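Numbering-wise, the sequence shown is residues 1 to 71 according to UniProt numbering.
We put the CB at the ideal spot given by N, CA and C, even for glycine.
Just so you know, these numbers come straight off a predicted model, no measurement behind them.
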Amino acid sequence: MYPSQPLSPSSAISSFVTYAKAIEGLDKKAFPTEYARNSDLIRGLVPCLRAHGILDVMEIRNPEIAALVAH
Numbered sequence: 001m002y003p004s005q006p007l008s009p010s011s012a013i014s015s016f017v018t019y020a021k022a023i024e025g026l027d028k029k030a031f032p033t034e035y036a037r038n039s040d041l042i043r044g045l046v047p048c049l050r051a052h053g054i055l056d057v058m059e060i061r062n063p064e065i066a067a068l069v070a071h
């Protein structure tokens with residue numbers, strides 16, 4: 001599910017935005033599998049985003065996505 005090689009910071013940001021936008025457009029109850037998959041992908045990116053300091057300078061405005069990143 002996650003890449004076997006480390007992501008570059010720009011790849012991590014691009015992937016994060018892609019998955020976050022996908023979640024924003026999904027009805028969690030109507031598409032639980034897709035929602036869970038994108039949530040897992042976002043959680044998988046958090047270590048890379050933290051390691052590069054991206055989350056120190058970025059504000060996530062969507063509360064659901066912010067909660068995924070906070071854990």
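Terminal residues of the alpha helix (DSSP H) in which residue i lies
i   : result
N38 : 32-51
E59 : First-last for E59: undefined, no H or E at that position.
S14 : 9-24
Check whether residue i and residue j have beta carbons under 8 Å apart
i   : j   : result
I42 : I13 : no
Y35 : L49 : no
Proximity winner among the options, relative to residue i (alpha-carbon distances)
i   : options            : result
E59 : D40, V17, S8       : V17
P63 : A30, S15, N38, E24 : E24
A66 : S10, A20, A30      : A20
Nearest-angstrom Cβ-Cβ length linking residue i and residue j, presumed shorter than 8 Å
i   : j   : result
L45 : S15 : 6 Å
Own chain residues within Cβ distance below 7 Å of residue i, not counting five before or after
i   : result
L68 : S39, I42, R43
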